[in-house]
Each structure stands twice: as structure tokens, then as C-alpha cells.
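Following: one structure in C-alpha cells, then a few remarks.
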Amino acid sequence: MRHIVVIGGGIVGLAVANELVTRGDRVTVLEKEDHWAAHQTGHNSNVVHAGLYYKPGSLKARMSVAGNRSMIEFARRNDVPVEVCGKLVVATSADELPRLHALAQRAEANGVPAKLITAAEARDYEPEVACVEALRVESTGIIDFPAVCAALVRRLEGQDLRLSTPALAIRPGSRGGVEVATPSGVVRADVLVNCAGLHSDRIARMAGLTPAARIVPFRGEYFELRRTSLVRGLIYPVPDPTLPFLGVHLTRMLDGSVHCGPNAVLALRREGYRWRDFSGRDVAEVARFPGTWRLARRYARTGLDEVLRSFSRKRFAASLARLVPAVREDDLVPASAGVRAQAMLPDGSLVDDFLVETAPGQVHVLNAPSPAATGSLEIAKHVADLTR
């Protein structure tokens, strides 16, 4: 029986641990926080994505489409709240129609159940929506991802699960394998799996790799809608295909609340959920990385718009009102933010797909932002295969 140490207790790390155990391995999971799903998993939209946005054949496309099915099945089998409610992607002007139609073609290529509908048909789903045409995506759902993590932890009963246990150093084992130093001693294992999310590149460097990409943290800020009657389900804009973000959208949650957002601004700390969250080390790393400045030059106007929207509830409301004109500034109540661990290359390009690198006895998940939660059970199979 192999012993595998997994660093990271978010949904990907726990899913990988669960998959390894089902294959007969013994696992130790190291999580530096005092609870599971502390960061990306616990600060997202809780949407089970359908897989329509991603390049056909990519890991994101394959694992999101398959993950949509496997995640919903897992939730139902483990008493995790989930609802398959579908969503609308809406074109609010004629110049967005080519992109909407291209998105419909991509949905078909990826095997996602979706159909183009008229503005009148869209209002049958969402009476307050404004659009010239829409794409109805049937398989999108809403879920409680932290509850998924709790179910995975229950399934891992009897394994070595350690909270409040950061990895301090990683070195080759004296008899092979790997040794991970922690505040409570050294963990010796046959294989290392890095699912550290916002710190995945640092863990890879700690383990002796020089990863191709650097994690750059982007904060996504949310509001809640006071007048929840304005939104029945999920309403998304047509995304800009040159950006990895989907744009601000409206999402009805399982408890009936409606989340609005997120925008996307550079965080000043890897776990920077507010503007005042600052880390000199994290900012210096981003500033020294050449890709940061190349990205900034490429998207200067977009970045400025996102920052201005971060400081202006009026601008945020105006973005939402493009989709639902009845939304007003005083409808918005601040909600908790999330931070996306986005891998960036030195040329300033954002890594578009999931990124996994390997070394002897090591597997490193270096880019797993959205839709990683949706595809986590499928990512786990892929990672488990790579440990062999």
C-alpha cells in the first residue's frame, strides 16, 4: 500500500485524497488553515458549471462536462444540497450576438445541452431580464461546495487528516519517496500531490521544481441583492473570450439569496479578501514577475474599469442593470469576496486550461480556478492516474 501526502484541503485536494483511497492508497492531507475549504472552495458562486465556455478537447471542457454529472450524482448520493436549475447567457445588444452564437456552437461541440432562445422566451424564465437573444443552458446547477468537502472528509474517516498543519519544507526521503516538514514533525510518504491552490507554485518550488507559471491572485467582489424577486435563477452576460473571467452575473443561491458579481481586481495578498489585506512579499513577487506588467499593458482599460467598479457601487449596479434593468444601487448589500488563484506565464498570458506538472514521485496542480470545483472529482481521477 502506498502512502501519499496531499498538500491542500480544498475541494480538489480532498477529492484527490478520496480518489486515492478508493484505489487502495493511504493518504495524509495537510491543510494550513483550521478548517477545510477555507479559501477558493469556500468563497465562490457555488455554481455547478455546464462546460460551455471552454475550448473543445481541453481539460476544462472535458472535466467540467463530466464533472457536472459526477458532482451532481455525488451530492445526491451524499445528502449535499444541489439543484439543477439551468441558466441564461444573455446578449444585451446586437453586437454581442456573434459571440453568443459562437458560444452556442461551443456548447454543442462540448456536448452541453443548450439552445438559443428569443428575448420573449428568455423573459419566460426571467421576467426582469433585458436581452435581444439568449442561450438557455439546462445542466447548470447550484450547490454547497463546502458541504461537498464535509462529505469528502466523512468518506476519508480513518485517514490522516491534519488541519492547522502547513508544509514548511519538502525534501527527498532518505530511503526514497518524499519528506514534508510540518510544525508537528516530518511526514514521510511515497508520493507528494500538491493541491495548494493560491500557494501551489510556492509548494512546487519548495519541492524543487521551477514551475512555468506564477500564481497571481485576483479578488472577486460580490454583493447580495435586496430585492431577490428580481431574479429567479442564474443570469450571465456574454463573456469576453479574451479574458478568463465570465463578467458580473446574478446567481440565486440555495437559500434563496441572490449573489451579484464578481468583478476581478488584483489582490494585494494571496489571501486578500479586502483592499486593506496587504502582504509586502506577495506584492513584491507580483511586481517582480515580468508577466504582470505585460498583462497590465494589454488590459489597461479593462483593469481600470474593474478597479473603478470595485470602489463604486453605482458602477457595479450599472453593470448588473445591463442584464436586469430594475437593479438599482440601493439594491446591493456587500457580501464576502473570493480570491482566484490564476496562473500567469512570463509573457503576460493567463493560463487558460487546468495545468498539472509532474516530477518523479510528485504531482503538482498549478492552475485549477473555476470550474475546478465542478470538475474536482474528474481532476482527482486525472491526478490519481499521474501518481502511478
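Everything in the sequence shown is counted per my numbering, starting at -10 for the first residue and increasing by one.
Even glycine gets a Cβ: it sits at the ideal position worked out from N, Cα and C.
Extent of the continuous beta strand (DSSP E) to which residue i belongs
i, result
"V354", "351 to 356"
"T281", "Looking at the DSSP string, T281 is not in any beta strand (DSSP E); the run it does join, the alpha helix (DSSP H), is 279 to 287."
"T107", "103 to 107"
"G56", "Element bounds for G56: not the beta strand (DSSP E) but the alpha helix (DSSP H), 48 to 66."
"A326", "321 to 333"
"C249", "247 to 250"
"T240", "238 to 241"
"G222", "That residue, G222, is in no beta strand (DSSP E); it is neither H nor E in DSSP."
"D342", "It is not in any beta strand (DSSP E) - D342 carries neither H nor E in the DSSP assignment."
"D149", "149 to 151"
"L378", "The shown model of the chain, from -10 to 377, leaves out residue 378, and the question about it has no answer."
"H(-8)", "-8 to -4"
Neighbour-count burial assignment, residue i, 16 or more Cβ in a 10 Å radius
i, result
"G197", "exposed"
"V71", "buried"
"R377", "exposed"
"W394", "No information on residue 394 is available, as it lies outside the stretch -10 to 377 that the chain covers here."
"D320", "buried"
"D84", "exposed"
"F267", "exposed"
"V169", "buried"
"Q351", "buried"
"R164", "exposed"
"L115", "The sequence given here has Glu at residue 115, not Leu. E115 should be labelled buried."
"E62", "exposed"
Enclosing alpha helix (DSSP H) for residue i [first to last residue]
i, result
"D190", "189 to 195"
"S173", "It is not in any alpha helix (DSSP H) - S173 carries neither H nor E in the DSSP assignment."
"K370", "365 to 375"
"V137", "134 to 144"
"E117", "Premise fails: E117 is in no alpha helix (DSSP H) and is neither H nor E."
"N183", "Premise fails: N183 lies in the beta strand (DSSP E), 180 to 183, not in any alpha helix (DSSP H)."
"H392", "A question about residue 392 goes unanswered here, because the residues of the chain that appear run from -10 up to 377."
"T11", "0 to 11"
"K303", "302 to 310"
6 Å Cβ shell around residue i - same chain, five flanking residues per side excluded
i, result
"P102", "E127, S128"
"K21", "P155"
"R241", "V220, G222, V247"
Contact set for residue i: own chain, Cβ-Cβ below 8 Å, skip 5 residues either direction
i, result
"A50", "G40, Y43, K44, N99"
"E8", "L366, A369, K370, V372, A373"
"E97", "A103"
"A306", "V316, R317, E318, D320, L321"
"L19", "V(-6), V(-5), I(-4), G(-3), G(-2), R151, T154, P155, A156, V169, T171, V176"
Whole-number beta carbon distance between residue j and residue i, since they are thought to touch under 8 Å
i, j, result
"G327", "P251", "6 Å"
"L86", "V121", "7 Å"
"L92", "V227", "7 Å"
"L152", "H24", "7 Å"
"R88", "P230", "7 Å"
"D133", "L239", "At roughly 19 Å, the Cβ-Cβ gap does not stay under 8 Å, so D133 and L239 are not in contact."
Close beta carbons around residue i, own chain, < 7 Å, minus the five adjacent residues each side
i, result
"R304", "L297, R298"
"F234", "A253"
"P12", "The question names Pro, but residue 12 in the sequence shown is Arg. Taken in chain order, the residues that qualify are A373."
"D14", "M(-10), R(-9), I(-7)"
Are at least three pairs of beta-carbons, each pair with one atom in the segment 323 to 338 and one in the segment 277 to 295, less than 8 Å apart? Between the segment 323 to 338 and the segment 277 to 295, the count of Cβ pairs shorter than 8 Å is three or higher; the stretches touch.
Okay, do the segment -7 to 2 and the segment 169 to 180 touch, 3+ Cβ pairs below 8 Å being the bar? Verdict: yes, contact present.
Decide yes or no for the touch test of the segment 57 to 70 against the segment 131 to 141: beta carbon pairs closer than 8 Å, at least 3 of them. yes
Would you say the segment 14 to 31 touches the segment 207 to 227, given that touching needs at least three Cβ pairs under 8 Å? Counting Cβ pairs under 8 Å, fewer than three are found: no touch.
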